[in-house]
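Step one of this worksheet: look at the structure below.
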Amino acid sequence: MSASSAFNDEKGGSSSVGEPEYGHDPASGGIFSSDYKRHDDLKEMLDSNKDSLKLEAMKRIVAMIARGKNASDLFPAVVKNVACKNIEVKKLVYVYLVRYAEEQQDLALLSISTFQRGLKDPNQLIRASALRVLSSIRVTIIVPIMMLAIKEAASDMSPYVRKTAAHAIPKLYSLDPEQKDQLIEVIEKLLADKTTLVAGSVVMAFEEVCPERIDLIHKNYRKLCNLLIDVEEWGQVVIINMLTRYARTQFLNPNINESLLEEGGGGDKTFYGSDEDEDEDEEDEKEKKAEAATMAKRKPYVMDPDHRLLLRNTKPLLQSRNAAVVMAVAQLYFHLAPKAEIGVIAKALVRLLRSHSEVQYVVLQNVATMTIKRRGMFEPYLKSFYIRSTDPTQIKVLKLEVLTNLANETNISTILREFQTYIKSMDKDFVAATIQAIGRCATNIGEVRDTCLNGLVQLLSNRDELVVAESVVVIKKLLQMQPEKHSDIIKHMAKLTDNIQVPMARASILWLIGEYCEHVPKIAPDVLRKMAKSFTNEEDIVKLQIINLAAKLYLTNSKQTKLLTQYVLNLAKYDQNYDIRDRARFIRQLIVPTEKSGALSKYAKKLFLALKPAPILESPFKDRDHFQLGSLSHLLNAKAGGYQELPDWPEAAPDPSVRNVEVKESVPEWTKCSSREKRKEKKVEKPFYSDSEGESGPTESADSASDSASGSEIGSGSEESGSGSESEESEEGSESEEEEEEEEEKKKKKKELKKPVQESESEQSSEEEDRKHERKSKQRKIESESESDEDEESESESSQSESEDSESEVEVKKKKKAAESKPPSKPVKKESKKEKKEMSLLDLDDFEPAPSPQVTPVNTFLSNSLVTDLEGLSLSDSVLSPATIAPSSALKSYDLLHRITGEGLSVEYCFSRQPFSPDANMVAVQMQFTNSATSDTKNLHMEDVKLQSGMRVKEFPEIELLPAGETATAVMGIDFCDSTQAANFQLCTHTRKFFVSIQPPVGELMRPIFLTENEFKKEQGQLMGMNEITEKLTLDVKCRNEHAIVQRVTTAANLSRVPCGSDKECRFAGRTVTSSSLVLVTVATKEEGAAQLMVNCEKMVIGTMLVKDIHLALTQ
988 MSASSAFNDE KGGSSSVGEP EYGHDPASGG IFSSDYKRHD DLKEMLDSNK DSLKLEAMKR
1048 IVAMIARGKN ASDLFPAVVK NVACKNIEVK KLVYVYLVRY AEEQQDLALL SISTFQRGLK
1108 DPNQLIRASA LRVLSSIRVT IIVPIMMLAI KEAASDMSPY VRKTAAHAIP KLYSLDPEQK
1168 DQLIEVIEKL LADKTTLVAG SVVMAFEEVC PERIDLIHKN YRKLCNLLID VEEWGQVVII
1228 NMLTRYARTQ FLNPNINESL LEEGGGGDKT FYGSDEDEDE DEEDEKEKKA EAATMAKRKP
1288 YVMDPDHRLL LRNTKPLLQS RNAAVVMAVA QLYFHLAPKA EIGVIAKALV RLLRSHSEVQ
1348 YVVLQNVATM TIKRRGMFEP YLKSFYIRST DPTQIKVLKL EVLTNLANET NISTILREFQ
1408 TYIKSMDKDF VAATIQAIGR CATNIGEVRD TCLNGLVQLL SNRDELVVAE SVVVIKKLLQ
1468 MQPEKHSDII KHMAKLTDNI QVPMARASIL WLIGEYCEHV PKIAPDVLRK MAKSFTNEED
1528 IVKLQIINLA AKLYLTNSKQ TKLLTQYVLN LAKYDQNYDI RDRARFIRQL IVPTEKSGAL
1588 SKYAKKLFLA LKPAPILESP FKDRDHFQLG SLSHLLNAKA GGYQELPDWP EAAPDPSVRN
1648 VEVKESVPEW TKCSSREKRK EKKVEKPFYS DSEGESGPTE SADSASDSAS GSEIGSGSEE
1708 SGSGSESEES EEGSESEEEE EEEEEKKKKK KELKKPVQES ESEQSSEEED RKHERKSKQR
1768 KIESESESDE DEESESESSQ SESEDSESEV EVKKKKKAAE SKPPSKPVKK ESKKEKKEMS
1828 LLDLDDFEPA PSPQVTPVNT FLSNSLVTDL EGLSLSDSVL SPATIAPSSA LKSYDLLHRI
1888 TGEGLSVEYC FSRQPFSPDA NMVAVQMQFT NSATSDTKNL HMEDVKLQSG MRVKEFPEIE
1948 LLPAGETATA VMGIDFCDST QAANFQLCTH TRKFFVSIQP PVGELMRPIF LTENEFKKEQ
2008 GQLMGMNEIT EKLTLDVKCR NEHAIVQRVT TAANLSRVPC GSDKECRFAG RTVTSSSLVL
2068 VTVATKEEGA AQLMVNCEKM VIGTMLVKDI HLALTQ
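Per my numbering, the sequence shown starts with residue 988, numbered consecutively.
Structural data, given as structure tokens:
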């Protein structure tokens, strides 16, 4: 702007330039200004012969447009300069014309010949600008000229001009849809373009003009996947969305084998499930068996190399700085990736939550939808969804939604503690949403229902009326689930009718009292009496509930309420609202039978006092995933204009050969490119994105084929558990380890691979797929069918071992045999057991015949001599020998396998309460195997472990031989993740497999800790409110002395005694094994065997269950 100020000085500092700009606004006093001279100086400058003045005038005009000022009256003066020789002036004139050509069409038409000349200009920017202006003049007369210009520009040597041609296509199509066929030819030509500049724009044109013509994409699919990383950001978004739809029509569903498991086991179902669902499940069992039979016949799923190519080339874009690109990749993975790999998007989406609130809003909408189907992948990032005081209300509500969806038995106590803080917020809408969220958590997780109810009842004494009102509404829904237990809460709420003024809350209280009037027979008539007094002043919703209450009381207690009911019905008869008048007439006829009243009055009681099902509090995002994530339709939850439905997966895979590219002879005029150059270009492209060229051929698709057979890639494990940013390194690392293992065989392979470089991409990859698939089909079938969604996410190590090549497996087996042959195979005695324990201590899973899912590639390097050295270590004797962990008489044993079911083999287990040395977060489970059969049992081991999300198992070492009549002991470790969910697995012998499960009592999920009395009191003071559960009980006759109480409590739970000054109290302390959450138990004895049990625990679910167990132990 310094130049413009200098020009003003030359003209004598005239300020008239600035003034007339405001003159056209009458309010600014423009009537008295020199309005008729508006922009005169600019017109003079545009008419002068000096290019410098013209340039200065154009700069100022464009600046005016940028500030939102109207410069349309300068159009004639600007159009004259369209033929100016100065390139800078010409560019600015074109910018001006793009803005105003549509408004001044007649004048713009006069300069069309100039634009046509501009299309032949040697400067690419002028050619592109001329085409842009031409396509901005929306007059049907010039459609043929525009069509010709677009066709010429599509063959231009400059990629920038070709990009502009792609932008012009949708403009021409909107002006004249009849040109569609010709435009499709141009799109087809531009889709074949190899430059990154054009790719995004032409795909945008394709989406606007002919999105249904996916046949145009086939030949360009691989090229678009490979160019994707270098396209500009908005182009990436468009291409990814298009390729998502393309992939849904061309590839098979990668989760097809899990679909049965999902229907049967339904980890997601339980969140919204009810008892009715169980009955439906039983009815559908036959159908499922039929489906299972077809599944067994069906070949295991093998991922198309092109599908893998898309997933692998989009993955790096999760680290893009553009939130739209990250969101596009996230929706692509959600809709297309195998379950085991979807987890990589979680970290990228959580990163976007640090962005602007607008971005957060869109991301959280999508995360809320994802958490319903794939809860496990966001659980590690729970704290990222905690609410900040600076968040806007809509963001707070969405974060609440996500937290509620992520709530489960293990994290509910943390989430409820967080909700307790939110209730104190000043944002009333947010507080209301928090109370609703507590209600949803209580309905979905039964263990905390009572705790939540008590918390909500405490809120009823809150000073803020809105908080009380919302609490009443939520309590009403919770009480419907088990009203008989909570008559005292209903009484408490009846007292609130005097204070609460919010209509919805008053109506909810009245409905509750009416529905459960038999639980409060004395209070209900009195509430009706008070309501009858204030009937005329109430809101309509309250009046309707007063009438309902009167009717229900008339039917159950007509002596006391007959007159009151008549009074209320008479008031309602003359109410201004016709709904209330109608309701009064209808109810009078029903409950007060007359000669005229029909047969319905006999059933009045059944009509009014029918059992009503408790409301299911569902997430508003439950069914939103039928819209494509990241789309406007998904955001609005309604189909927006131009939205294209996401196609369903095909039943059978379409022909993959349509994507094979032949070398074409037709060459654009400007390049004269030979086939030799094309070959060179191919060679350059291949290794550019590949991780290891030598491993599986020269192309990306073939490169990835080795990993894709079972639908779980190398990167799927560790990345899901939170290391998304290191995904590339981990993939390369694991591949290089495999190469080291198999160097000799790879050298031969590399020699062979160097010859057929020119082979087509898909042939090589499919051959490799078939080879590996044949060798591993059995193992893969079992793994893919057995692992549920949560299992795949929790077992981060398993995917590495699965993706190893079959050659390396052969080597491993040889080593296993060598290792097994060293120790002599005698009947199982203590020595051989010790050796096995030592192996398990060092995680030498490779030396066990059973294929463990947690083999790490490193172990294959351990030589046999090293194993024998390790066996000599004395450390493990003292830690894991059965003598040390022999159960004491106090420990309770449980049947794992009865000898009748086990055909002579019986297995008992007990929780040894000893630290499990390989992993401190695991509970040690001691198992005793007894062979009562006449024949020997061989190869006792575990298989097919099925666990809930987050749980882990360290298997016991295989027992090679258990002679008839002998007994053997083994120790395994289970990380129950602080829940009482069962660990299910198969116990296998050399001939049979038995399905068994180990379910821990809540008392075994903790380990004892030592606290002083002061420390105990301090910790107890911090665990008040919702974290404290108290229960009154009467002690058993044999349990009235201190010694008996201590013995029974420590038998029920693995806790240690805390010293106490009072002889009336016994205190115990411990921590949960997995999360080290504090558990404090106090038993205070009173006179005549009365006592009070108090449990303070950070995890409310564990606290509630522990109270029940200890209560049972002390009273029986």
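Positions of the beta carbon are idealized from the N, C-alpha and C atoms, including for glycine.
Between LEU1177 and ALA1152, which are expected to be in contact by the criterion C-beta below 8 Å, what is the C-beta distance as a whole number of angstroms? With a Cβ gap of about 7 Å, LEU1177 and ALA1152 count as contacting.
From which residue to which residue does the alpha helix (DSSP H) around SER1458 run? For SER1458, the enclosing alpha helix (DSSP H) begins and ends at 1452 to 1466.
Check whether the Cβ atoms of LEU1296 and ARG1232 lie closer than 8 Å to each other. Contact annotation: LEU1296 and ARG1232 have beta-carbon atoms that are not nearer than 8 Å.
Selected residue, minimal CA-CA separation from GLN1237, among ILE1329, ARG1646, ALA1333: The candidate whose alpha carbon is nearest that of GLN1237 is ARG1646.
Quick one: Cα of ARG1436 to Cα of LYS2086, how far? Approximately 14 Å between the Cα atoms of the pair.
To which residues of the same chain is MET1993 closer than 7 Å at the C-beta, ignoring the five residues directly before and after it? Close CB contacts of MET1993 within its chain, under the 7 Å cut and outside five residues either way in sequence, are with ALA2040, ASN2041, LEU2042, GLY2057, ARG2058, THR2059, VAL2060, VAL2066 (chain order).
Residue nearest to LYS1041 in terms of C-alpha spacing, selected from ASN1564, VAL1080, ARG1054: Of the candidates ASN1564, VAL1080, ARG1054, the one whose C-alpha sits nearest the C-alpha of LYS1041 is VAL1080.
Note the first and the last residue of the continuous alpha helix (DSSP H) segment covering ALA1419. Taken as a continuous stretch (DSSP letters only), the alpha helix (DSSP H) holding ALA1419 covers 1415 to 1431.
For VAL1932, tell me which candidate among LYS1167, MET1914, ASN1908, PHE1982 has the shortest Cα-Cα distance. When the alpha-carbon of VAL1932 is set against those of LYS1167, MET1914, ASN1908, PHE1982, the nearest one is in PHE1982.
Can you tell which of VAL1126, LYS1107, PRO1109 has the C-alpha that lies nearest to the C-alpha of LEU1094? LEU1094 has its Cα closest to that of VAL1126, out of VAL1126, LYS1107, PRO1109.
Range covered by the alpha helix (DSSP H) that runs through PHE2003: Element bounds for PHE2003: 2000 to 2009.
Range covered by the alpha helix (DSSP H) that runs through ARG978: Residue 978 is absent from the model: the chain starts at 988 and stops at 2103.
Rounded to whole angstroms, what is the Cα-Cα separation between ILE1099 and SER1161? C-alpha separation (whole angstroms): 20 Å.
Rounded to whole angstroms, what is the Cα-Cα separation between VAL1185 and VAL2088? If I take the Cα positions, the gap works out to 58 Å.
Just curious, the beta strand (DSSP E) that GLY1222 is in, first and last residue? Taken as a continuous stretch (DSSP letters only), GLY1222 belongs to no beta strand (DSSP E), being part of the alpha helix (DSSP H) at 1220 to 1237.
LEU1556 and ILE1574 - do their beta-carbons sit closer together than 8 Å? Contact check for ILE1574 against LEU1556 passes: the beta carbons are separated by less than 8 Å.
Tell me which same chain residues have a C-beta within less than 7 Å of the C-beta of PRO1508, skipping the five on either side of it? Result list for PRO1508: ASN1544, in chain order.
Between which two residues does the alpha helix (DSSP H) holding THR2021 run? First-last for THR2021: 2015 to 2021, but that is the beta strand (DSSP E), not the alpha helix (DSSP H).
Which value, in whole angstroms, describes the spacing of the CA atoms of PRO1379 and ASP2023? The alpha-carbon separation between PRO1379 and ASP2023 amounts to approximately 56 Å.
Going straight from the alpha carbon of ILE1996 to that of HIS1621, what length do you get? Whole-angstrom Cα-Cα distance: 51 Å.
If you draw a straight line from the alpha carbon of LYS1181 to that of LEU1304, how long is it in whole angstroms? If I take the Cα positions, the gap works out to 20 Å.
DSSP three-state label for SER1059, please. When secondary structure is reduced to three states using DSSP, SER1059 falls in the helix class.
Let me know the secondary structure DSSP gives TYR1208 once reduced to three states. Of the three classes helix, strand and coil, the one that applies to TYR1208 here is helix, per DSSP.
Check whether the region 1420 to 1440 touches the region 1380 to 1399, taking contact to mean three or more Cβ pairs, one atom from each stretch, closer than 8 Å. Counting C-beta pairs closer than 8 Å gives three or more between the region 1420 to 1440 and the region 1380 to 1399, which meets the contact rule.
CA-CA distance, ASP1962 and ASP1291? One C-alpha to the other measures close to 37 Å.
Quick one: what does DSSP say CYS1439 is sitting in, helix, strand or coil? DSSP places CYS1439 in helix when its eight states are reduced to three.
Could you give the distance in angstroms between the alpha-carbon of ILE1476 and the alpha-carbon of VAL1444? Taking the straight line joining both Cα atoms gives about 7 Å.
Grab the span of the beta strand (DSSP E) containing LYS1925 for me, first residue to last. First-last of the beta strand (DSSP E) with LYS1925: 1924 to 1933.
From the DSSP output, in three-state form, read off GLU1895 for me. GLU1895: strand per DSSP, three-state reduction.
For PRO1838, which three-state DSSP category applies? Reliability of the predicted coordinates at PRO1838 is poor, the pLDDT of 43 falling under 50, and no value is obtained from them.
For the beta strand (DSSP E) that contains THR2069, what are its first and last residues? From DSSP, the beta strand (DSSP E) with THR2069 extends over 2065 to 2072.
Suppose the cutoff is 7 Å on Cβ atoms and the five residues either side in sequence are ignored; what does the same chain contact list for ILE1382 look like? Take ILE1382, set aside five residues on each side of it, and the residues of its chain with a beta-carbon closer than 7 Å to its own are SER1344, GLN1347, TYR1348, LEU1351, in chain order.
If we count the other Cβ atoms within 10 Å of its Cβ and call it buried at 16 or more, is SER1035 buried or exposed? When all chains shown are included, SER1035 counts as exposed.
Check the DSSP bridge columns for PHE1963 and list the partner residues they point to. Listed as beta-bridge partners of PHE1963 by DSSP are no residues whatsoever.
Spatially closest choice to GLU1930 from GLU1942, ILE1528, ALA2100, by CA coordinates: Nearest Cα to GLU1930 within the set GLU1942, ILE1528, ALA2100: GLU1942.
Beta bridge counterpart(s) of LEU1974 as assigned by DSSP: DSSP output for LEU1974 lists MET1929, PHE1981 as bridge partner(s).
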